[in-house]
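Asks: Protein sequence lines, in the order shown, are assigned to chains A and B.
So for the first sequence, this note's numbering puts the first residue at 1462; every next one is plus one.
So for the second sequence, this note's numbering puts the first residue at 14; every next one is plus one.
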Amino acid sequence: MSTWIGATKLVDLGKARRWGAWYVAEYRLRNMSKWWSAIIAFGIGNPVLYLVSIGLGIGSLVTKSTGSHGIEGVSYLEFLAPALLATACIQAAMDETSFPVLEGFTWTRFLFAMNATSLTGSQITGGIMIASFIRCVATAFMYGGILVAFSAINIAHLPALMLASIFAGMGFAAVMMAAASFVRDDDGFFAIVGRFIIAPMFMFSGTFYPIEKTPIYLQWIGWISPLWHSTNMGRNLSYGHQVAPWLMVVHFAYLAALYYIGFRVAARQFKKRLAE
Amino acid sequence: MIVAKALTKTYGDFKAVDAIDFKVKRGEAFGLLGPNGAGKSTTMRMIGATLQRSGGDLQILGKDPNTHGPEIRAHLGVVPQQDNLDRELKVWENLFIYGRYFGLSRKFLKAKVEELIGFVKLEDKRDVKVDALSGGMKRRLTIARGLVNEPEILMLDEPTTGLDPQARHVLWDRLFRLKEQGVTLVITTHYMDEAEQLCDRLIVMDKGKIMAEGSPAELIRDYSSREVVEVRFGSAKNAEVAPHLEGLGERIEVLPDRILIYAENGEQVLHQITTKGFEPLTSLVRRSSLEDVFLRLTGRTLVD
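#1: Would DSSP call B/VAL196 helix, strand or coil?
#2: For B/ASP99, decide whether its Cβ has a neighbour in chain A, counting only Cβ atoms nearer than 8 angstroms.
#3: What residues in the segment 70-100 of chain B bring their beta carbon closer than 8 angstroms to a beta carbon of chain A?
#4: Check whether the Cβ atoms of A/VAL1726 and A/ALA1634 lie closer than 8 angstroms to each other.
#5: For a contact defined as C-beta to C-beta under 7 angstroms, what are the partners of A/LYS1476 on chain B?
#6: For A/ALA1736, which residues in chain B fall below 7 angstroms Cβ to Cβ?
#7: Using only CA atoms, which one of B/THR174, B/ALA19, B/TRP105, B/ALA157 lies nearest to A/ARG1491?
#8: Quick one: Cα of B/PRO293 to Cα of B/PHE307, how far?
#9: Consider the Cβ of A/GLU1487: report whether some Cβ of chain B lies at a distance smaller than 8 angstroms.
#10: To which residues of the same chain is B/VAL242 closer than 6 angstroms at the C-beta, ignoring the five residues directly before and after it?
#11: With distances taken Cα to Cα, identify the nearest neighbour of B/GLY75 among B/GLY69, B/GLU84, B/GLY44, B/ALA124.
#12: Does the beta-carbon distance from A/SER1691 to A/SER1593 come in below 8 angstroms?
#13: Would you report the Cα separation of B/ASP213 and B/GLY44, rounded to the nearest angstrom?
#14: Which stretch, first to last residue, makes up the alpha helix (DSSP H) that contains B/LEU215?
#15: By the 7 angstroms beta-carbon criterion, what residues does the segment 119-148 of chain B contribute toward chain A?
#16: Pair every Cβ in the segment 245-261 of chain B with every Cβ in the segment 56-68 of chain B, then say whether three or more of these pairs are closer than 8 angstroms.
#17: Please return the same chain residues whose Cβ sits closer than 8 angstroms to the Cβ of B/THR173, not counting the five positions on each side in sequence.
#18: Thinking just about the alpha-carbon of each residue, which of A/ARG1596, A/ALA1629, A/TYR1720 is nearest to the one in A/SER1494?
#19: For B/VAL141, I'd like the list of residues in its chain whose CB is within less than 8 angstroms of its CB, leaving aside the five on either flank, ordered along the chain.
#20: Does B/LYS28 come out as helix, strand or coil in the three-state DSSP assignment?
#21: Quick check on B/ARG113 - is its C-beta less than 8 angstroms from some C-beta in chain A?
#22: Using a Cβ-Cβ cut-off of less than 9 angstroms, give me the residues of the segment 1529-1554 of chain A that come near chain B, in sequence order.
#23: Evaluate contact between the segment 30-37 of chain B and the segment 1669-1677 of chain A, counting only Cβ atoms and requiring at least three cross-stretch pairs below 8 angstroms.
#24: Determine, using beta carbons only, whether B/GLU165 and B/HIS88 come nearer to each other than 8 angstroms.
#25: Under 8 angstroms Cβ-Cβ, which residues of chain A neighbour B/LEU154?
#26: Just to check my reading of the structure: A/SER1699 and A/ALA1621 have Cβ atoms closer than 8 angstroms, yes? What is that Cβ distance to the nearest angstrom?
#27: For A/LEU1439, which residues in the same chain have their Cβ closer than 8 angstroms to its Cβ, ignoring the five residues on either side in sequence?
#28: Below 8 angstroms on the Cβ atoms is my contact criterion, and I expect A/ASN1576 with A/LEU1735 to pass it. Report the Cβ-Cβ distance as a whole number of Å.
#29: At the level of alpha carbons, what is the spacing between A/HIS1712 and A/TYR1678?
#30: Using a beta-carbon distance below 8 angstroms, is B/ILE110 in contact with chain A?
#31: Compare the C-beta of A/SER1579 against all C-beta atoms of chain B and say whether one is closer than 8 angstroms.
#32: Quick check: is the beta carbon of B/LEU102 nearer than 8 angstroms to any beta carbon in chain A?
#33: Using a threshold of 8 angstroms, state whether the C-beta atoms of B/LEU167 and B/LEU122 are closer than that.
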C-alpha cells in the first residue's frame, strides 16, 4: 500500500463534504436565475388568472346557488385557496426536480460533470432538492401574498397554509425526482406525467368541491394524491374545516413519507446511474 | 501517480477492460491509444474515480478510487469525450460554478476564472453563452474547467475528436503548455498523430487488453521499420500485384485500398517496384507512425 500523495493545496475536503449539497443548489439557483422572468410570470400570472376566472367568475355562481353560507361556511374563494396554493407549490417544486434530472442525465449530462468533481451522488441529489425547496418556498410567498390580496385567505392563516402547501410540494417533488431518475430518454415522460398524474390529481383531490361529493370509485385518486392531503389539512388550518385529529396526523405522515421514500429512491438511483 | 494492476471491468460476460497493468509517473503525458471500443474510456472513468472496477487493483495518488472517490476527484481535472457544459450559462459562469463544486471560495475563483479564460484564449467570449461557441472553443472551455481546481492529473478523453485541424493545433498547443508546467496528462485518443504529438509514453489497447507499451519512438522502432512505402494500383489490382512485391522491404501489408511496404529505405523500394515493371497509380514514401504499429499489432487500422 503506497501512501497518499495528493497535495492538500486547494480543495478543503471537510468543507466540501459538509457543504457539497449547497454548492449544487447554488448552481441550480444560478440556472434558475436565467429563467427568472418566466418563473415570476408563472408564480404571479397563474394565480391571478385563476382567481379572476374561477374564484370570482365561477365563484359568484357557486355563491349564488349555495346561498350566503357558502361551502362549509366560507366563500368559494376561501374554500379554493388552500388547494390553489398547494397546487402552485407542487408545480414549482416538481419543476425543479424533474426537468433538471432529465436534463442532467440525458440532455446536457451536467450531472456527470458534477460527479467528476469531489461531489458525491447523494450531495447532488440533496442539492437539487434544496433548490427545489427554495423555489417552492418562494412560490408559496408569492402566491400566498396574492391570495391574501384577493381576500381568499386571512393573513393570520397564511403561515399554516404555506406550511401545508410546502409539505405537499416537497413530497411530490421527491417522488417526481425518483421517477425522473429512471427515465433513459425523454419518450414523452412529461406528457404522461401531465395527463395521467397531474391532471387527474388536480381534478379529483377535492380541489374544486369537497372530496365527499366525488363518486366513491374516484375518491381513491384523492386519497393517494398529495394535493388532497395538503388541501384537507390546509382547510382545517385556515377556516377550521372539520378534520379528525388522527386524519391530520395521517395527512402529515403521508406527505413526509412521500418525501422520504422519493428522496431515498432518487439518491440510490442517482448513485447507480452516475457510476454506470 | 497512477498504479493499475490486473485492472478489470466487466459488464456481464463482456470484458471491457481485461486485466491491464500500467503506471503513470508525475509530470508525464501518458496516452491510451486504440480504436473505438478498445476500453480506453472505461479505463479513464475508473481512473477518474467515477466507475467502480470489477477486479484487480487501482491506486490514484496512493488511494483506492473505490473507497476514496471524492478525495481523489478533488485532485483530478476531467475533460470528457462529450462536452457537458451548461449551455444556459455564460463562459465565465461555467468555470466559476465548476470551481464552486469543489468548494473553492468566490474570491479565489474570481481571479482563477480570468486566468483560465486567458489561458484558453476565450477572452472575447467571456460573457457569451456556451451555445454560441464553436466546437473547438467548447473543448477549450472544458479544458479550462478541468483546470479550475489546479489538478495533479488532467484527464482528457478523445480531446480533439470532431475538431477541425486548426482547432486541434490550438488545443495541442495549450496542452503542451500544461505539460511544461508539470501537469500530469492522461489522454485517450484514436488519432495516432495526436498520440505522437502529445504523449511521452503510451499503451496501445485493443479489445480491453494492452498490446504494447512504450514511448512513440520506441514503439515505432520495436514494431515497425523506419520508413513505409504506400502504393496503390487500384482496389481491384492491389491483391493481384502484392505477391509479386514479396521480398521487397521487411514486411508487406495488403489493405483493400493500398499496399504498405515496410523498409529502412523507402525510395529504394519504390525504385525496385518500378524496375520490376509495376507502375502504381499513386505512391508515397513516409516515416513509420503509430498507425503502422497498431496495424502490426492487431492486423487492423485504427479507424476500422
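Here a beta-carbon is modelled for each residue, glycine too, at the ideal position from N, C-alpha and C.
The structure presented is a predicted model; accordingly, all values stated were derived computationally and were not measured.
Replies: In this structure, then:
#1: coil
#2: yes
#3: GLN72, LEU74, GLY75, LYS76, GLY82, PRO83, GLU84, ILE85, ARG86, ALA87, HIS88, LEU89, VAL91, PRO93, GLN95, ASN97, LEU98, ASP99, ARG100
#4: no
#5: GLY116
#6: THR63, LEU64, GLN65
#7: B/TRP105
#8: 25 angstroms
#9: yes
#10: ILE274, GLY279, VAL282, LEU283, VAL298
#11: B/GLU84
#12: no
#13: 8 angstroms
#14: It is not in any alpha helix (DSSP H) - B/LEU215 instead sits in the beta strand (DSSP E) that spans 214-219.
#15: none
#16: no
#17: ARG152, ALA180, ARG181, LEU184, TRP185, THR202, TYR204, GLU207
#18: A/ARG1596
#19: LYS103, VAL104
#20: strand
#21: yes
#22: none
#23: no
#24: yes
#25: Under the 8 angstroms cutoff, chain A gives no residues; its nearest Cβ is about 12 angstroms from B/LEU154.
#26: 7 angstroms
#27: With chain A covering 1462 to 1737 only, the question about residue 1439 of chain A has no answer from this structure.
#28: 4 angstroms
#29: 21 angstroms
#30: yes
#31: yes
#32: yes
#33: no
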